[in-house]
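In what follows, a single structure is set out as C-alpha cells and then discussed.
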Amino acid sequence: MVLRLGTGDAYALLEALLRTEYGLERLPALARDGGGKPFFPARPELRFNVSHSGGLILCGAGAAAVGVDVERIRPRRTGLPRHVLSPEEYAWFVRQGGGWERFYTLWTLKEARVKCTGAGLSGPARAIAVPLLAPGQGGTLDGLRFRAYGGDGWRAAVCCAPPEQPPEEVPGQSEKNVSFS
Numbered sequence: 002m003v004l005r006l007g008t009g010d011a012y013a014l015l016e017a018l019l020r021t022e023y024g025l026e027r028l029p030a031l032a033r034d035g036g037g038k039p040f041f042p043a044r045p046e047l048r049f050n051v052s053h054s055g056g057l058i059l060c061g062a063g064a065a066a067v068g069v070d071v072e073r074i075r076p077r078r079t080g081l082p083r084h085v086l087s088p089e090e091y092a093w094f095v096r097q098g099g100g101w102e103r104f105y106t107l108w109t110l111k112e113a114r115v116k117c118t119g120a121g122l123s124g125p126a127r128a129i130a131v132p133l134l135a136p137g138q139g140g141t142l143d144g145l146r147f148r149a150y151g152g153d154g155w156r157a158a159v160c161c162a163p164p165e166q167p168p169e170e171v172p173g174q175s176e177k178n179v180s181f182s
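Be aware that the sequence shown starts at 2, since it is given in our numbering, and climbs by one per residue.
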C-alpha cells in the first residue's frame, strides 16, 4: 500500500495491511535481527518491510523475504547518479534521457533489494545489482523478483524472494490523506 498520510505512521499502515490481508487483529510484538531489520518473533512465517519518504509510506508483507522502498523525487547533487549507479546502470540511465525520475526508479530498486536480502548498504551502492526497469515493469535477477512503480513525484520498488511475486500494481494505492485511530 502507498498512501499520502496526514497522520499516523508506517506501523499503523502495516497493522492495517496485516489486518486486511492476514486477519490479524493487532500488530504482533516486534524485535530486530542482528542487522537491525524488524521481524515478528511470534510469527516468523510472516515477513514484512516498510519504507517512508516525504509523507508517503509503502508496506509489503508475505511468506518470503520482501524489501520495499518509496522515495519522493527531489533534485540531488548532479554527480550522484554516476557515483551510485554501476557502469551498466549509468549507461541505461543516460540512454533513457537521465532525469531524477529515472534515477529514483533505479535507486528504489537498489534499496528494495538491500532490504529484502538484509545485506545493508555496507559497500558501494554501485555494487548492488538490479534489473533495468521502468515503472510498471517487473523482472528477475539473482533469483529475486523485482517490480518498479511510479507516479507524479514519487517512485517505489518491491523486491521479493521466491515464492512471492510483486504485485502488478500497488494495492491500495491512494493519494488521499489518511488517519489511523
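Ideal placement from N, C-alpha and C gives every residue a C-beta, glycine not left out.
Keep in mind that this is a model prediction, so the values were computed, not measured.
Tell me, please, which residues DSSP counts as bridged to His53. Ile58
From Ala120 to Glu46, what does the alpha carbon distance come to, in whole angstroms? 20 Å
In the DSSP assignment, find the unbroken beta strand (DSSP E) run with Leu134 in it and report its ends. Element bounds for Leu134: n/a, residue is neither H nor E.
Q: Round the Cβ separation of Thr118 and Ala157 to the nearest angstrom and send it over; I've been treating them as touching at under 8 Å.
A: Their Cβ separation, rounded to whole angstroms, is 18 Å, which puts Thr118 and Ala157 out of contact at 8 Å.
Does the separation of the CB atoms of Ala113 and Val51 fall below 8 Å? Against a cut-off of 8 Å, the Cβ pair of Val51 and Ala113 comes out as no contact.
Beta strand (DSSP E) segment containing Ala157, residue limits | For Ala157, the uninterrupted beta strand (DSSP E) run begins and ends at Trp155 to Cys161, by DSSP.
>> If you reduce the DSSP assignment to three classes, tell me which class Phe104 lands in.
In response: helix
- Opening and closing residue of the beta strand (DSSP E) in which Leu14 lies: Where Leu14 is concerned, there is no enclosing beta strand (DSSP E), although the alpha helix (DSSP H) it sits in stretches over Ala11 to Tyr23.
message: The beta strand (DSSP E) that contains Leu145, what's its start and end?
response: Under the DSSP assignment, Leu145 falls in the beta strand (DSSP E) whose first and last residues are Leu145 to Gly152.
*asked:* Quick check on the burial criterion: 16 or more other C-beta atoms within 10 angstroms. Buried or exposed for Arg103?
replied: buried
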